[in-house]
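Quick note on this note's numbering: the sequence shown kicks off at 230 and runs consecutively. For each residue, glycine too, the CB sits at the ideal point set by N, CA and C. Note sheet for the following structure.
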Amino acid sequence: MTRQFTQGAFLPGGEQPVMAWQHLDQAADRETNIGSRKNAVRADQVRQARQDGGRFSPRTLSDREMLAVSWLAPVLVVLAWEGLSGIGYINPQILPSPSAVLGTALTLISNGTLPEHLGYSLLRATVGFAIGGGIGFVLGVLVGFSRIAEAALDRSIQMIRAIPFLALLPLVIIWFGVDETGKIFLVSLGVMFPIYINTVLGIRQVDPKLLELAQVTGLSVRQRITRIILPGAMPSILTGVRYALAVAWLALVIAETIATTKGIGFLAMDAREFLQTNVIVLTIVIYAAIGVFADGLARFLEKRLLAWHPNYAIGENR
Numbered sequence: 230m231t232r233q234f235t236q237g238a239f240l241p242g243g244e245q246p247v248m249a250w251q252h253l254d255q256a257a258d259r260e261t262n263i264g265s266r267k268n269a270v271r272a273d274q275v276r277q278a279r280q281d282g283g284r285f286s287p288r289t290l291s292d293r294e295m296l297a298v299s300w301l302a303p304v305l306v307v308l309a310w311e312g313l314s315g316i317g318y319i320n321p322q323i324l325p326s327p328s329a330v331l332g333t334a335l336t337l338i339s340n341g342t343l344p345e346h347l348g349y350s351l352l353r354a355t356v357g358f359a360i361g362g363g364i365g366f367v368l369g370v371l372v373g374f375s376r377i378a379e380a381a382l383d384r385s386i387q388m389i390r391a392i393p394f395l396a397l398l399p400l401v402i403i404w405f406g407v408d409e410t411g412k413i414f415l416v417s418l419g420v421m422f423p424i425y426i427n428t429v430l431g432i433r434q435v436d437p438k439l440l441e442l443a444q445v446t447g448l449s450v451r452q453r454i455t456r457i458i459l460p461g462a463m464p465s466i467l468t469g470v471r472y473a474l475a476v477a478w479l480a481l482v483i484a485e486t487i488a489t490t491k492g493i494g495f496l497a498m499d500a501r502e503f504l505q506t507n508v509i510v511l512t513i514v515i516y517a518a519i520g521v522f523a524d525g526l527a528r529f530l531e532k533r534l535l536a537w538h539p540n541y542a543i544g545e546n547r
């Protein structure tokens with residue numbers, strides 16, 4: 230049963246009348262004060278945790294520490310390789326030791342053989358990458374912006390992309406002979422596709438809300454392309470560049486199997502004829518080193534061109 234308090238109701242002992250709503254207000258005030266104190270305590274705890282700097286969270290590594298970690302596995306592999314070769318577990322005729330490969334490299338550098346062959350390979354890769362990358366970017370922009378261009382070009386490009394490099398070698402020799410043009414053609418063809426595909430994807434994945442905002446703010450078509458679409462597509466385009474750098478050297482290895490007397494690929498093929506495994510391993514190491522350098526160059530471009538992007542900020546610890 231609910232008690233009704235009226236204006237004439239007195240408490241025992243003749244005290245002043247107490248209304249029900251007064252009791253309810255006092256109880257509510259007490260609960261509010263308790264809740265406020267609890268919230269204040271929680272806020273103090275959160276503030277203290279932030280001031281502690283995440284005492285119990287894992288420490289982020291600096292760029293130098295991350296670089297050291299990235300080289301840890303290769304260094305351990307080389308040390309194990311050298312150790313197993315030193316105790317005679319690995320036959321040097323099958324796989325020479327790292328020290329033997331280093332000695333071969335110093336010999337070829339001193340007599341000028343290695344710089345000459347490396348120079349030819351770098352020239353072919355650079356020219357082929359510039360030509361193929363430029364063509365892939367232009368085609369990617371056309372197809373990315375125009376559905377008509379996509380209908381006219383994309384199917385044919387995808388058909389050509391599916392053809393293996395080795396299948397093209399006979400035709401390349403017939404078309405261009407054995408001079409530099411055929412080798413540069415193969416490198417350009419291999420580089421074109423990754424940049425083309427990633428350029429198209431980057432343009433198509435730009436946030437439509439940004440384009441709507443650009444239209445509302447009155448940006449011209451040129452300003453939309455230069456300020457929104459291309460910057461928004463840049464992460465995908467640079468991903469294509471990184472992949473294309475690797476494909477360029479893969480295509481170059483195949484291209485340098487064509488009748489030639491210069492290049493790292495020729496150096497490896499010539500060493501195979503004389504069973505010089507130390508030279509063969511050296512050429513493999515050179516390709517790997519060039520790949521690491523090219524990937525580092527691509528990462529540097531990402532940090533410079535995408536400094537506005539939180540995932541590519543310069544000096545960011547990962």
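In chain order, what residues of the same chain lie with their CB nearer than 6 Å to the CB of residue i, ignoring the 5 residues before and after it?
{"i": "L511", "result": "V330, T333 and A334"}
{"i": "R284", "result": "The pLDDT assigned to R284 is 46, lower than 50, so where the model puts this residue is not dependable, and the model offers no usable value."}
{"i": "A523", "result": "L474"}
{"i": "I364", "result": "M421"}
Candidates the options: which alpha carbon is nearest residue i's?
{"i": "A462", "options": "L352, G369 and G411", "result": "G369"}
{"i": "L351", "options": "P539, E531, K412 and A500", "result": "K412"}
{"i": "G357", "options": "F422, E531, P321 and Q434", "result": "F422"}
{"i": "V435", "options": "V407, R453, L448 and S449", "result": "R453"}
{"i": "V367", "options": "F495, I426, L305 and G312", "result": "I426"}
{"i": "G389", "options": "S417, L371, T490 and T342", "result": "At residue 389 the sequence reads Ile, which differs from the Gly that was named. Ranking S417, L371, T490 and T342 by Cα distance to I389 puts S417 first."}
{"i": "G348", "options": "V521, R528, K532 and F495", "result": "F495"}
{"i": "L324", "options": "V514, W300 and I493", "result": "V514"}
{"i": "L459", "options": "L382, G361, L398 and L439", "result": "L439"}
{"i": "A354", "options": "E502, E485 and R533", "result": "E485"}
{"i": "V420", "options": "D408, V450, I386 and F405", "result": "I386"}
{"i": "I509", "options": "A497, W300 and S339", "result": "A497"}
{"i": "E409", "options": "T490, Q505, R533 and L534", "result": "T490"}
{"i": "V521", "options": "W300, S339 and R293", "result": "W300"}
{"i": "G362", "options": "L296, F414 and R501", "result": "F414"}
{"i": "W404", "options": "I487, L305, G341 and M295", "result": "I487"}
{"i": "P464", "options": "D499, V450 and P539", "result": "P539"}
Since residue i is in the alpha helix (DSSP H), which residue starts that stretch and which ends it?
{"i": "F503", "result": "Premise fails: F503 is in no alpha helix (DSSP H) and is neither H nor E."}
{"i": "G411", "result": "E409 to R433"}
{"i": "W300", "result": "No alpha helix (DSSP H) holds W300; DSSP gives it neither H nor E."}
{"i": "K491", "result": "Here K491 belongs to no alpha helix (DSSP H), and DSSP marks it neither H nor E."}
{"i": "A329", "result": "P327 to S339"}
{"i": "E345", "result": "T342 to F374"}
{"i": "A381", "result": "Where A381 is concerned, there is no enclosing alpha helix (DSSP H), given that its DSSP letter is neither H nor E."}
{"i": "P393", "result": "It is not in any alpha helix (DSSP H) - P393 carries neither H nor E in the DSSP assignment."}
{"i": "P464", "result": "L459 to A484"}
{"i": "Q444", "result": "P437 to V445"}
{"i": "R451", "result": "V450 to R453"}
Output needed for residue i: all residues of its chain with C-beta closer than 8 Å, excluding positions within five of it in sequence on either side, in chain order.
{"i": "R456", "result": "A443 and L448"}
{"i": "I319", "result": "W310, L313 and S326"}
{"i": "Y516", "result": "W478, V482 and I493"}
{"i": "V298", "result": "L290"}
{"i": "Y472", "result": "P423 and N427"}
{"i": "A527", "result": "L467, V470, R471 and L474"}
{"i": "L382", "result": "L368, L371 and V372"}
For residue i, which residues from the same chain have a beta carbon less than 7 Å from its beta carbon, with the 5 sequence-adjacent residues on both sides left out?
{"i": "P321", "result": "S314 and A329"}
{"i": "A378", "result": "L371 and V372"}
{"i": "E244", "result": "With a pLDDT of only 46 at E244, under 50, the local geometry of the prediction cannot be trusted, and the value read off the model is given with reservation. The answer is none, since no qualifying residue turns up."}
{"i": "W250", "result": "In this prediction, W250 has a pLDDT of 44, which is less than 50 and means its spatial position is unreliable; what the coordinates show is noted afterwards. Around W250: no qualifying Cβ."}
{"i": "Q505", "result": "none"}
{"i": "P344", "result": "I338"}
{"i": "I402", "result": "G411 and I487"}
{"i": "L296", "result": "none"}
If we count Cβ pairs, one from each stretch, closer than 8 Å, do we get three or more for the stretch 461 to 477 versus the stretch 421 to 431? The stretch 461 to 477 vs the stretch 421 to 431: in contact.
Should the stretch 477 to 485 be regarded as contacting the stretch 387 to 398, the criterion being three or more beta carbon pairs within less than 8 Å? Contact between the stretch 477 to 485 and the stretch 387 to 398 is present, because at least three Cβ pairs lie under 8 Å.
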